[in-house]
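A.B. asks:
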Amino acid sequence: MAGSLALPGALLAALLALASPSFTPIHRAGYCSFYGECGRNPEVNVSLVPSNVPCLSNTPAQEATGTLLSLLRSVCPDLVQGDNETTLVCCTYSQLIALQLSVALSGTVLARCPSCARNFASLYCHNTCSPDQSLFTNVTRVVNRTLVPGVPSVAVVEYQSFYRQRFADAAFSSCHGVRLPSTGGFAIATMCGRYGAQLCTPQRWLDFQGDKNNGLAPLQINFELVPNGTEPGDAIEPLDAQVWRCSEAPSEDEEPCSCQDCAESCSPVVAPTDSSPPFRLGEADGVLVLCVLLFTFFAMVFLVALLCQRRSKGLTVLQVVPAARGCSGRVGDVSHQALARVFRWWGTLVASRPLVVLAVAVVVAGGLSAGMVTLRLTTDPVELWSAPGSRARQEKAFHDQHFGPFLRTNQIIVTAPGRAGARYDSVILGSKNFSGVLAQDVLQALLELQERLAGIEAWAPQAGRNVTLRDVCYAPLNPTEPTLGDCCVNSVTQYFQNNRSHLALTALQEDGKETGTVDWHDHLIYCVSSPLSFKDITALELSCMAEYGGPVFPYIAFGGYQDSEYTEAEALIITYSLNNFPRGDPRLEWVLSWESKFLEVVQDFQRSHSPNLSVTFMAERSLEDEINRTSGEDLPVFALSYLLVFAYIALALGEYTAWSRVLVESKVTLALGGIAVVLGAVFASMGFLALLGMPSSLIILEVVPFLVLAVGADNIFIFVQEFQQSQREPDETREQHLGRVLAEVAPSMLLCSISEAICFLLGALSSMPAVQTFALTAAVAIAFDFLLQMSGFVALVALDARRQEAGRFDLCCCCGKGRGGPAGEGARLLRPLLERYYTPFLLHPRVRPCVVLLFLFLACAGLFLLFQVPVGLDQELALPKDSYMLQYFSALNQYLAVGVPTYFVTTGGYNFSSANGTNAICSSAGCDSDSLTQTIQYATNFPNVSYLAIPATSWVDDFLDWLNPTSRCCRIHQFGEHKGEFCPSTSNNLSCVAGQCLNTLRRPTAEEFQRFLPWFLQDRPTLQCAKGGLGAYDTSVSMDENGTILATRFMAYQRPLRTSQEYTAALRAARALGDTLTRTLRRVPGTDPHFSVFPYTVTYVYYEQYLTVVVEGLVTLAMCLVPTFAVSFLLLGMDLRSSCATLVTIAMILLDTVGAMALWDVPYNAVALINLVAVPWASRWSSCPTSPAPSPAVPSPPGWNEPPRPPSPWAARW
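Under my numbering, the residue at position 820 of the sequence shown is numbered 821, and the numbers go up by one with no gaps.
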């Protein structure tokens, strides 16, 4: 062991030999190395906090008395001896004042962890004032200064400080985990220069403190860490003072550091489970096993029943006497006959007066359609997909009421595909790889783009004025009268304050023996590791803060990097944050107009740089604009679709007997009438609902016409073809013939229409407004379609029959050959194929069992696949294929390193000003272990479960630090005209001296809390007080005129989310966390029982529907099956067998449809639910009268011996 320590000791001895030991010849207890002040350091050009350097003085330490001793007891209590002992120091009162300022600067950041703050102050106290200063310091460089004429002095500009390794390690360990509540990051990141928090070590931490180029150190301090067990020699004794662990309280009046700042203080935390494990039976998928067993069971039952039936074929069956019909059968017959009589009478009446009925139908439909002039079209996605009474909408309304709407985001993502990167060797910061997109010409292009965007003037027609960026931008540090420089723009060029000269700046840099040039590369390397720095450590001496005064966090400005290698990022991200306004606010037009110009400018930039750069972008309005554009571009498609359906109906309805009669037997007019009936029903339903005040949407305009067309065209074919196939009975007039045919087909049409209308009415019970209005419009349209077909279309058929019997041409009824009806049955294609081939094959004894087993298998497979269907709707699917937003979403998913902000909002009824209330929120020393911010911190440790990546910012914690009496943040004018008013940290007014808001480190009283909180929220952060709340928290606390807190919010960040499933899971996890916080805070004395904490982010209103859409869909479909069965049962003459068959068929269709969705990766959402609701069209098949009596050779099961009902001619068609 001794041999292993000899080498470090020898190296330290060599360092001492080279360090000009003559400046500190005496290394002895009780001796100083320097004492007093010798003016400014001539080697430091830029100092953020100007201070003097000490004078060389290798003399005995001086006794501290009076004010010096009193101040020493406050600033450096560890150096104060007991009451009966003399306290010696190596510093003057003025040096101690400067030290107090320095400690206060660090105290605002570290005070939340008393042990860390005490240890960090101890480093400076020992270096500056320790009576044994010469034992562990060695002056290496001095300059001659003449402060007083004729009195030369020697100023120390560089010295060595020797620390024992365990002392440095312990001090560093106590501060390593301290958080910055305003950013969610670590305080050590601001105190370790280019290394940041992840790469910081005790040596790097101390080196940055002693770097004269950091803007704070007045001279160069070279910290030498002496390994434990070795001695540097030459009478040097490394400093090894007392260090408090972060889990220890440095005094009786203080608390240990909290868990958020000190891992040692944390209780063991059990990692939450990601999700419920999949259902398995052994090693197999449990659902698959159950579905296989289900199929096997039903298949065996079916096969056994089939075998039993075939074995009984040889039995001789006696003549079966038809049993008397039961009560339900007689009631069914009566109801069926009653319906037939009504429709027959109605059909005969309409056919007798077709023009009158047609005119009435046109007037009624036209009158209702006129209501469309009052139609309100909803395009806001929030209004479409989130119910006003839903939890997400209520929470959004609460948030917007107290904090304003969520900021509008306009973003640009720039990459350089195929462009090679380069390696940069920094003189002072080492070697770094730079990606191809991080090149000076690219940065200059981005500066040019931002200059163009800053100069935008957009015309707002309604306001009658030009709008600029300063009119709409979010300016956190100057919200009342912002300039362009105050606008919050996050980009890599903000590390250079969006200044071309700063980007082009170079300087000569010396680093020991090495000399070279530093440029924008060096500044960028430093800033991405220390974004909160007001000055880098290079000779450039530039700030890392953005032009608007805030920091630019690299995870927001860069994308596509690994770990923290930001200079290797593949994408640069520019984000413009704009103020948002509710609909109806005239300022909303301002921001929409500016965003339109933003898109134009960026599109032009994209075109001009397309050879070298890939540029993707979006504005807040982009998604809504692109969806609206999709609807407009789809209109020609809709028109073509209707034209094709019209052509198909016109050709298919015709029954051609000869070429000479084609013009007579064509049905173009009837097809046009059928299309007109469908459109009339759609327009009438929309106009009718508009008159009732119900808004519409683009979904209705796009889908409902096709839905009603499908139902309407089906009814047209049923009616017209049945009329064509039916032969007129003797002594039956044309009108009576049409009435008889209508009596035969109308029950089927009525059954389908009622079933569909009821199902869509049940669909209107959905909580989503878009689904409600769609379902209600569809239900009314289907009802109107049936009524118009029973009136207007029946009249058109009567007129067409009259025309055809007269031998007049279609479309031109004034012309014709004047010959009578058809010579015979017309040519058809589909019916012969069905009669001769398909039906015999399907009903073959060997085919029927296979068909049953096949569809049973498909139903069970669909049941299994049902559990594989993804739930949600990715927003890319709602956009046209040529949309620029698709490229943006692709880049966003590929490069974005952090998700959207998530706020945890507290409602009214909580007493923040009480000690218990404060401790249950904060996360610094003395706060509860299960406080709000601490609980959120726990959640960020498990981002795969909580979906949170960055802890919540906490205004309470920063407010407590702001009140710390050791800082300059909260001070009160003690006299003068401003007596009793707030004194900002930048003021050197004498009335602020000793005017701290709190005299001791404690929790504020309720009165102090209400008095000082508004000051904190309006205090601009400065170097002297980085804890000011303006910009970070001024919009996070909502208070009434009396200072009562009505609502607050705490901002965390989600991890990047890619799919709608992840967004939904993040919402579910955040709500679970909010419920936990609510239960915890309600236990605080004095809390209102109705107080709550809820999470809020801009996406929740869109994805809340997917939390319940599965259950809602199952309930809706189950409810749809009930009326379908009931209507079938009633209108089919109470035929239980046919009604049950209908129910089973629909259920199997639903399962097969959902199974196909899983195979084709079609997600389940509200749109899919609407399509599934339409499945009850299958009920039309069961309207066909019952099957014939069983064969005499086969025994009939119970209930099969009822005589068959008289089949109607239209039933034979099926």
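Think of the CB as a built atom: it goes at the ideal place given N, C-alpha and C, for glycine as much as any other residue.
1) Quick check on the burial criterion: 16 or more other C-beta atoms within 10 angstroms. Buried or exposed for D1041?
2) Within 10 angstroms of its Cβ, does M301 collect 16 or more other Cβ (buried), or is it exposed?
3) By Cβ distance, which residues of its chain are closer than 8 Å to T380, with the 5 residues on each side in sequence left out?
4) Return the residue from the list C92, F582, P55 and R113 that minimises the CA-CA distance to C928.
5) Return the CA-CA distance between Q790 and L800, expressed in angstroms with no decimal places.
6) Whole angstroms is fine: what's the gap from G873's alpha carbon to Q722's?
7) In whole angstroms, what separates the C-alpha of P132 from that of R146?
8) With three or more C-beta pairs closer than 8 Å as the rule, is the stretch 675–688 touching the stretch 706–714?
9) Could you have a look at C1141 and say whether DSSP puts it in helix, strand or coil?
10) Counting only runs of 3+ residues fully inside the stretch 37–99, write out the beta strand (DSSP E) ranges in chain order.
11) Where does C474 fall in DSSP's three states?
12) Go ahead and label R1080 buried or exposed: buried means 16 or more other beta carbons lie within 10 angstroms of its beta carbon, across all protein chains shown.
13) So, with DSSP's three-state summary, where would you put L793?
14) Relative to the C-alpha of N912, which residue among N945, L614 and E1008 is closest?
15) I need the straight-line Cα distance from E745 to A341, nearest angstrom please.
16) With 16 as the cutoff for other CB atoms within 10 Å, does P462 come out buried or exposed?
17) Do you know how far the Cα of G918 is from the Cα of P1086?
18) Quick check on Q310: buried or exposed, where buried means 16 or more other Cβ atoms within 10 Å of its Cβ?
19) Output the residue ranges of the alpha helix (DSSP H) runs that lie fully inside the stretch 1000–1070 and measure 4 residues or longer, sorted by chain position.
20) Leaving out five residues before and five after I719 in sequence, what residues of the same chain have Cβ atoms less than 6 Å from its Cβ?
21) Output the residue ranges of the alpha helix (DSSP H) runs that lie fully inside the stretch 404–456 and measure 4 residues or longer, sorted by chain position.
22) Going by alpha carbons, who is nearest to E621 out of T507, Q604 and N581?
23) Helix, strand or coil: how does DSSP classify L533 here?
24) If you follow the alpha helix (DSSP H) that V994 is part of, which residue opens it and which one closes it?
25) Between the C-alpha atoms of G825 and V705, what's the straight-line distance to the nearest angstrom?
26) With a cut-off of 8 Å on the beta carbons, I'd call L57 and V140 a contact; round off their distance for me.
27) Once you ignore the five residues that flank I526 on each side, which residues in its own chain have a CB closer than 7 Å to its CB?
28) Quick one: what does DSSP say I222 is sitting in, helix, strand or coil?
29) Can at least three beta-carbon pairs, one atom from the stretch 40–57 and one from the stretch 219–228, be found at a separation below 8 Å?
30) For E1105, count the other beta carbons within 10 Å of its own beta carbon; 16 or more makes it buried, fewer makes it exposed. Which is it?
31) What three-state label does DSSP hand Y556 in the structure shown?
32) What does a CB cutoff of less than 6 Å around D1089 pick up in its chain, not counting 5 residues either side in sequence?
33) What would DSSP say about Q261, mapped onto helix, strand or coil?
34) List the DSSP bridge partners of I574.
35) Fully enclosed by the stretch 568–627, which beta strand (DSSP E) runs are 3 residues long or longer?
36) Assuming R180 is part of the beta strand (DSSP E), what are its boundary residues?
C.D. replies: Reading it off the structure:
1) Here residue 1041 corresponds to residue number 1040 of the sequence shown, with the count starting at 1. The residue in question, D1041, is exposed, as its Cβ has fewer than 16 Cβ neighbours within 10 Å.
2) Here residue 301 corresponds to residue number 300 of the sequence shown, with the count starting at 1. With fewer than 16 Cβ atoms within 10 Å of its Cβ, M301 is classed as exposed.
3) In the sequence shown, counting from the first residue as 1, residue 380 sits at position 379. Taken in chain order, the residues that qualify are E625, I628, N629, S698 and L699.
4) Taking the first residue of the sequence shown as 1, we reach residue 928 at position 927. The candidate whose alpha carbon is nearest that of C928 is R113.
5) Locating residue 790 in the sequence shown gives position 789, counting from the first residue. Locating residue 800 in the sequence shown gives position 799, counting from the first residue. Each residue's alpha carbon lies about 14 Å from the other.
6) The residue labelled residue 873 in the question sits at position 872 within the sequence shown. The residue labelled residue 722 in the question sits at position 721 within the sequence shown. Taking the straight line from one Cα to the other gives about 43 Å.
7) As a working mapping, residue 132 is identified with position 131 in the sequence shown. As a working mapping, residue 146 is identified with position 145 in the sequence shown. Spanning the two alpha carbons is a distance of roughly 25 Å.
8) yes
9) On the sequence shown, position 1140 is the one that residue 1141 refers to. Three-state DSSP puts C1141 in a helix.
10) 55–57
11) Counting from one through the sequence shown, the residue named residue 474 turns up at place 473. Here C474 sits in strand by DSSP.
12) Sequence index remark: in the sequence shown, residue 1080 carries index 1079 (1-based). Looking at its Cβ environment, which holds fewer than 16 other Cβ atoms inside 10 Å, R1080 is exposed.
13) Against the sequence shown, residue 793 aligns to sequence position 792. Per the sequence shown, residue 793 should be read as Gly rather than Leu. Note: G793 maps to helix in three-state DSSP.
14) Sequence index remark: in the sequence shown, residue 912 carries index 911 (1-based). With distances taken between Cα atoms, N912 lies closest to E1008.
15) Walking along the sequence shown from the start, residue 745 turns up at place 744. Walking along the sequence shown from the start, residue 341 turns up at place 340. Roughly 7 Å between the two C-alpha positions.
16) Counting from one through the sequence shown, the residue named residue 462 turns up at place 461. Exposed.
17) On the sequence shown, position 1085 is the one that residue 1086 refers to. On the sequence shown, position 917 is the one that residue 918 refers to. Each residue's Cα considered, the two are about 8 Å apart.
18) In the sequence shown, counting from the first residue as 1, residue 310 sits at position 309. Exposed: under 16 other Cβ atoms inside 10 Å.
19) 1007–1018
20) By one-based count along the sequence shown, residue 719 stands at place 718. Excluding residues within five positions, the ones whose Cβ falls inside 6 Å are V746.
21) 441–455
22) Looking up residue 621 in the sequence shown gives position 620. Here the closest residue by C-alpha is N581.
23) Taking the sequence shown and counting its residues from 1, the one referred to as residue 533 is at position 532. Coil.
24) Position 993 of the sequence shown, counted from the start, is the residue given in the question as residue 994. Looking at the DSSP string, V994 is not in any alpha helix (DSSP H), and its letter there is neither H nor E.
25) The sequence position of residue 825 within the sequence shown is 824, counting from 1. The sequence position of residue 705 within the sequence shown is 704, counting from 1. Unreliable positioning characterises G825 in this predicted model, as indicated by a pLDDT of 49, which lies under 50. A coordinate reading is not provided.
26) Your numbering for residue 57 matches position 56 in the sequence shown. Your numbering for residue 140 matches position 139 in the sequence shown. Right, their Cβ atoms sit about 6 Å apart.
27) By one-based count along the sequence shown, residue 526 stands at place 525. Correct list, in chain order: R195, S427, L430, K433 and T568.
28) Walking along the sequence shown from the start, residue 222 turns up at place 221. Of the three classes helix, strand and coil, the one that applies to I222 here is strand, per DSSP.
29) yes
30) Position 1104 of the sequence shown, counted from the start, is the residue given in the question as residue 1105. E1105 should be labelled buried.
31) Residue numbering aside, residue 556 sits at position 555 when the sequence shown is read from its first letter. Y556: helix per DSSP, three-state reduction.
32) For this step, residue 1089 is matched to residue 1088 along the sequence shown. So the list reads G910, once near-sequence residues are dropped.
33) Along the sequence shown, read from residue 1 onward, the residue named residue 261 stands at position 260. Three-state DSSP puts Q261 in coil, outside helix and strand.
34) In the sequence shown, the residue the question calls residue 574 occupies position 573. In the DSSP output, where bridge partners are listed per residue, I574 has I414.
35) 572–579 and 615–619
36) Here residue 180 refers to the residue found at position 179 when the sequence shown is read from its first residue. Note, R180: premise wrong, no beta strand (DSSP E); not H, not E.
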